[in-house]
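*Asks:*
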Amino acid sequence: MYVKGVGPRRAAALEKLGIVTKYDLLTHYPRGYENHTSLTKIADIFAGETVQLVGRISDIDSRETPRVTIITAILSDDTGSIQLTWFNQTYLLKKLKSGMRLHVIGKARFNPWARGVVVDQSQSFTILEPDEEPELGIMPVYPSTAAMTQQNFRTAIKNLLASMPPLKEILPQEILSAQDLMPLDSAMRAIHFPKNYAELDAARRRLAFDELFLIQCGLMLIKRQTQVERLGITHNPNGALVKATLAKLPFELTGDQKKVFRTVVKDMEGKLPMRRLIQGDVGSGKTIIALLALVKTVENGFQGAFMAPTEILANQHYETFTRLLSDLGIRVGLLSAKVTRSPKQRKELYDKISAHELDIVIGTHALIQEGVTFAKLGLVVTDEQHRFGKTQRSTLEKKSDVVPDMLVMTATPIPRTMTLTVYGDLDVSLIKELPPGRKPILTQAKTSRSRKRVYEFVRAEILAGRQAYVVCPLIGRSESERLADIESAEEIFDTLSRGIFRDVPCALLHGKMKPRDKDDIMERFRDGETKLLVSTTVIEVGVDVPNASVMVVEHAERFGLAQLHQLRGRVGRGAAKSYCILLSDSKASDAKERLATLEATNDGFKLAEHDLKMRGPGQFFGEAQHGLPDLKAADVFRDVAILIQARDAAEKFITDDDNLNYFVSLRENLALAYGDKFSQITEA
888 MYVKGVGPRR
898 AAALEKLGIV
908 TKYDLLTHYP
918 RGYENHTSLT
928 KIADIFAGET
938 VQLVGRISDI
948 DSRETPRVTI
958 ITAILSDDTG
968 SIQLTWFNQT
978 YLLKKLKSGM
988 RLHVIGKARF
998 NPWARGVVVD
1008 QSQSFTILEP
1018 DEEPELGIMP
1028 VYPSTAAMTQ
1038 QNFRTAIKNL
1048 LASMPPLKEI
1058 LPQEILSAQD
1068 LMPLDSAMRA
1078 IHFPKNYAEL
1088 DAARRRLAFD
1098 ELFLIQCGLM
1108 LIKRQTQVER
1118 LGITHNPNGA
1128 LVKATLAKLP
1138 FELTGDQKKV
1148 FRTVVKDMEG
1158 KLPMRRLIQG
1168 DVGSGKTIIA
1178 LLALVKTVEN
1188 GFQGAFMAPT
1198 EILANQHYET
1208 FTRLLSDLGI
1218 RVGLLSAKVT
1228 RSPKQRKELY
1238 DKISAHELDI
1248 VIGTHALIQE
1258 GVTFAKLGLV
1268 VTDEQHRFGK
1278 TQRSTLEKKS
1288 DVVPDMLVMT
1298 ATPIPRTMTL
1308 TVYGDLDVSL
1318 IKELPPGRKP
1328 ILTQAKTSRS
1338 RKRVYEFVRA
1348 EILAGRQAYV
1358 VCPLIGRSES
1368 ERLADIESAE
1378 EIFDTLSRGI
1388 FRDVPCALLH
1398 GKMKPRDKDD
1408 IMERFRDGET
1418 KLLVSTTVIE
1428 VGVDVPNASV
1438 MVVEHAERFG
1448 LAQLHQLRGR
1458 VGRGAAKSYC
1468 ILLSDSKASD
1478 AKERLATLEA
1488 TNDGFKLAEH
1498 DLKMRGPGQF
1508 FGEAQHGLPD
1518 LKAADVFRDV
1528 AILIQARDAA
1538 EKFITDDDNL
1548 NYFVSLRENL
1558 ALAYGDKFSQ
1568 ITEA
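Sequence positions in the sequence shown follow the numbering used here and run 888 to 1571.
(1) Would arginine 1162 and methionine 1075 be called neighbours here (beta carbons separated by less than 7 Å)?
(2) I'd like the span of the beta strand (DSSP E) that includes isoleucine 1333, first residue to last.
(3) Looking only at its chain, what residues have a beta carbon closer than 6 Å to the beta carbon of aspartate 964, apart from the 5 residues adjacent to it on each side?
(4) Expressed to the nearest angstrom, what Euclidean distance is found between the alpha-carbon atoms of valine 1440 and alanine 1536?
(5) Does the distance from the CB of arginine 1041 to the CB of leucine 1015 come in under 7 Å?
(6) Roughly how far, in whole angstroms, is the beta-carbon of leucine 1361 from the beta-carbon of alanine 1376, given that I think they are within contact range, below 8 Å?
(7) Could you name each continuous alpha helix (DSSP H) segment of 4 residues or more that falls completely within the region 1106-1191, going from the start of the chain to the end?
(8) Should serine 1050 go down as buried or exposed, given a rule of 16 or more other Cβ atoms within 10 Å for buried?
(9) Please name the residue in Leu926, Phe1100 and Ile957 whose C-alpha comes closest to that of glutamate 1020.
(10) Kindly list the residues whose CB is nearer than 8 Å to the CB of leucine 1087, restricted to its own chain and excluding five residues on each side of it in sequence; keep chain order.
(11) So, using beta-carbon positions, are leucine 1266 and isoleucine 1249 closer together than 7 Å?
(12) Among the residues of its own chain, which have a CB less than 8 Å from the CB of threonine 1132, if the five just before and after it don't count?
(13) Rounded to the nearest angstrom, what separates leucine 1380 and histidine 1252 at their Cα positions?
(14) As a quick exercise: from Thr959, Phe974 and Gln976, pick the residue whose alpha carbon is nearest that of serine 968.
(15) I need the DSSP call for histidine 1051, collapsed to helix, strand or coil.
(16) Helix, strand or coil, according to DSSP, for cysteine 1104 in the structure here?
(17) Expressed to the nearest angstrom, what Euclidean distance is found between the alpha-carbon atoms of leucine 1469 and glycine 1447?
(18) Between asparagine 1123 and the rest of its own chain, which residues show a CB-CB distance below 6 Å, the 5 nearest in sequence each way excluded?
(19) DSSP has glycine 1447 in a bridge; who is on the other side?
(20) Looking at valine 1185 and aspartate 1246, is the spacing between their C-beta atoms short of 7 Å?
(21) Specify whether the region 1028-1047 and the region 932-949 touch according to this definition: at least 3 beta carbon pairs, one from each stretch, less than 8 Å apart.
(22) On the DSSP letters alone, give me the boundaries of the alpha helix (DSSP H) that aspartate 1238 sits inside.
(23) Grab the span of the alpha helix (DSSP H) containing aspartate 911 for me, first residue to last.
(24) Give me, in chain order, the residues of the same chain whose beta-carbon lies closer than 7 Å to that of glutamate 1486; leave out the 5 immediate sequence neighbours on both sides.
(25) May I ask you to report which of helix, strand or coil DSSP gives tyrosine 889?
(26) Taking C-beta to C-beta, are asparagine 975 and threonine 956 nearer than 7 Å?
(27) Would you kindly work out how many angstroms separate the C-alpha atoms of isoleucine 1373 and alanine 1262, rounded to a whole number?
(28) So which of Pro1322, Lys1474 and Pro1160 has the shortest CA-CA distance to proline 1291?
(29) Buried or exposed: where does proline 917 fall if 16 or more other Cβ atoms within 10 Å of its Cβ makes it buried?
(30) Based on the DSSP secondary-structure assignment, which residues constitute the bridge partners of leucine 1015?
(31) Given that a residue counts as buried once 16 or more other Cβ atoms are within 10 Å of its Cβ, and exposed if not, what is glycine 1505?
(32) Quick check on the burial criterion: 16 or more other C-beta atoms within 10 angstroms. Buried or exposed for serine 1064?
(33) For chain D, is any of its Cβ atoms less than 7 Å away from the one on phenylalanine 1540?
(34) For valine 1341 and arginine 1534, I'd like the C-alpha separation in whole angstroms.
(35) Do glutamate 1198 and glutamate 1223 count as a contact pair if the criterion is CB distance below 7 Å?
(36) Provide the residue span of the alpha helix (DSSP H) that contains histidine 1204, from first to last.
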């Protein structure tokens, strides 16, 4: 990359910021702007202001202190004089000469040693020719380093913009006109050096639209690829089997459940493969919708697959499905590592699946292993989407000669802005209404000073016939100095089972145990034999014990907001009033904010919005999970309206097969945004 003003040393500094090409530098957008549209007279300066001055310098001097070298000079205009100060910039002694005109931007502060206000010249200055006018305007402020200052960035980007030809337009004129967008070249120049704030807003809107439009085009192509490859299964209307299953349910579906099931039925009876995400908070009843959809596909002569994230949850679903469906003649099978441990048992199960001797197969990752072949797979359900990537989903879908319908369920509420991006290839349904009788969980944050009273309360709940969880962040004592003060699950189990709960059946559960042992421990807790379960986050997903009424989370500051909400959802599943107590001595402001937010609301969607704002999409979903191009100009919270406009425009644009071939620049930008994925999603 050659740009005037960027030598080898600055190029190395840029590389540390991820800036390697001219395009990288061009899209290194300012993180903010400073209004430098007017000059300040020295006589009008107030301490605490950022000021912009023009004057002549004199009395250039330096002095050493044990830690810093201070350079000073006097700047004068027609209203007075003021001292300028620089720190550790001794090269200025050679650069600055008395009588020079300077254009200075700096922070004014009161300095008792100078007996008045001085300007710390920490931002920028320019040496002016005798008759040169200073450059005024809205100045960009870039993410920078010590080796690449604001002035360095401004100069480099100004030189790059001056040397490059006008940028090719990537959007069709029809979209530009419909969305009232400024030209791309104008937007790229204005985002760095806007003439005014109206131009800045227009530039940012254009560049944000482009980023979101490219994402939406990519997601539409992924969705279209599935639809173009092969037609889906057209299921018949609901028959006697679906109606009999509904009649067997020990409760009435909520309004939201009925609405979502109607939508799923409509998808399954359509010609295109269903690709639907069902979002529902903890305990909202998503699994029943999946069960009914699976019954529908069985009624139509197909098989269904249900992939759960853990063996415990797979066993739980297997028990529920068998209890509800066996009387109806629906054959349910369980495929997990435990069940398929012996080669003989594994072969028998694989043969049953391929011979269509099982109608619904529930399993874990074992479902996508080589050797598992379905005779006639009509519907794939994946539970807790965050634990399965798109690759695993598509692997399971391909275990059939026809394109099966697909239902994805997540109890991790996803903000609407992210469903339009991360899950843009799926249609989204929402269950917000909880089943009748569910009581809100009372959540309280406490310090370790309250630990004795907290566990006395837990003991009282157990003696009243209920059960409790204690969740810990670590299995065993960590050797890390950073985690030295964190008590482990093993230590807390030892303390509790030998102390206040010595006469109570207690158990310890964690992820390093053998699957068989974990299942046994969980089964005894579900059956009520164990009253207190000390565990790590292995219980986070899907464990359903209605009699558990209280959870204590030790060192709650070690958990994320979404994770704490998932953990909390293990209680409050029965008729009893339920409690979640968060123990933490952390003084960190972000930890306090997380715990206070949990205390304030049980609404998973509000918590998800808050979590996403605090952490950003990458951390919210995991860097490898969301797999989308980075957003530099757009912000998924601020730009919801632009996102919806971009989605509508992309949908119309992708509908015409010739568009991507005709608009070469847009195709090139899609390839740049999606990398290797682009060739895959445009093959169809």
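Idealized CB from N, CA, C, for every residue including glycine. Given the structure is predicted, the values throughout are model-derived calculations rather than measurements.
*Replies:* Judging by the given coordinates:
(1) Contact: no.
(2) Here the sequence assigns lysine to residue 1333, which means isoleucine is not the residue at that position. Per DSSP, lysine 1333 belongs to the beta strand (DSSP E) from 1329-1333.
(3) Cβ neighbours of aspartate 964 within its own chain (closer than 6 Å, five residues either side excluded): Ile929 and Gly942.
(4) Computed Cα separation, rounded: 46 Å.
(5) In this structure, leucine 1015 does not lie closer than 7 Å to arginine 1041 by Cβ.
(6) Distance from leucine 1361 to alanine 1376 at the Cβ level is roughly 7 Å; contact confirmed, criterion being Cβ atoms closer than 8 Å.
(7) Secondary structure remark: continuous alpha helix (DSSP H) runs of at least 4 residues inside the region 1106-1191, in chain order: 1127-1135, 1142-1155 and 1173-1186.
(8) With fewer than 16 other Cβ atoms within 10 Å, it is exposed.
(9) Comparing Cα positions, the closest option is Leu926.
(10) So the list reads Tyr920, Ile1025, Ala1077, Ile1078 and Pro1081, once near-sequence residues are dropped.
(11) The Cβ atoms of leucine 1266 and isoleucine 1249 lie no closer than 7 Å to each other.
(12) The residues Leu1178, Leu1179, Val1182, Leu1211, Leu1212 and Leu1215, in chain order, have a CB closer than 8 Å to that of threonine 1132 in the same chain once the five nearest residues on each side in sequence are set aside.
(13) In the sequence under discussion, the amino acid at residue 1380 is phenylalanine, which differs from the leucine named in the question. Using only the alpha carbons, I get a separation of about 31 Å.
(14) Of the candidates Thr959, Phe974 and Gln976, the one whose C-alpha sits nearest the C-alpha of serine 968 is Thr959.
(15) Going by the sequence as given, residue 1051 is methionine instead of histidine. Here methionine 1051 sits in coil by DSSP.
(16) When secondary structure is reduced to three states using DSSP, cysteine 1104 falls in the helix class.
(17) The straight-line gap from Cα to Cα measures roughly 12 Å.
(18) Contacts found: Asn1187.
(19) Bridge partners of glycine 1447: none, in fact.
(20) Contact flag set, yes.
(21) Inter-segment contact for the region 1028-1047 and the region 932-949 is absent: fewer than three beta-carbon pairs are separated by less than 8 Å.
(22) 1230-1241 is the extent of the alpha helix (DSSP H) around aspartate 1238.
(23) Counting along the chain, aspartate 911 sits inside the alpha helix (DSSP H) bounded by residues 909-913.
(24) In the same chain as glutamate 1486, and ignoring 5 residues on each side of it, the C-beta atoms closer than 7 Å to its own belong to Thr1330, Gln1331 and Ala1332, in chain order.
(25) Under the three-state reduction of DSSP, tyrosine 889 is assigned to coil, being neither helix nor strand.
(26) A contact, by the Cβ cut-off of 7 Å.
(27) Approximately 51 Å, taken between the alpha carbons.
(28) Looking at the Cα atoms, Pro1160 is the closest of the given residues.
(29) Result: buried.
(30) According to DSSP, leucine 1015 shares a beta bridge with Arg988.
(31) With a pLDDT of 49 at glycine 1505, under the threshold of 50, the modelled position of this residue cannot be trusted, and the question is left open.
(32) The residue is exposed, with fewer than 16 neighbouring Cβ atoms inside 10 Å.
(33) No chain D appears in this structure, which consists of one protein chain only.
(34) Rounded to the nearest whole angstrom, the CA to CA distance from valine 1341 to arginine 1534 is 50 Å.
(35) Before going further, note that residue 1223 is serine rather than glutamate in the sequence given. In this structure, the beta-carbon distance from serine 1223 to glutamate 1198 falls below 7 Å.
(36) For histidine 1204, the enclosing alpha helix (DSSP H) has its first and last residue at 1198-1212.
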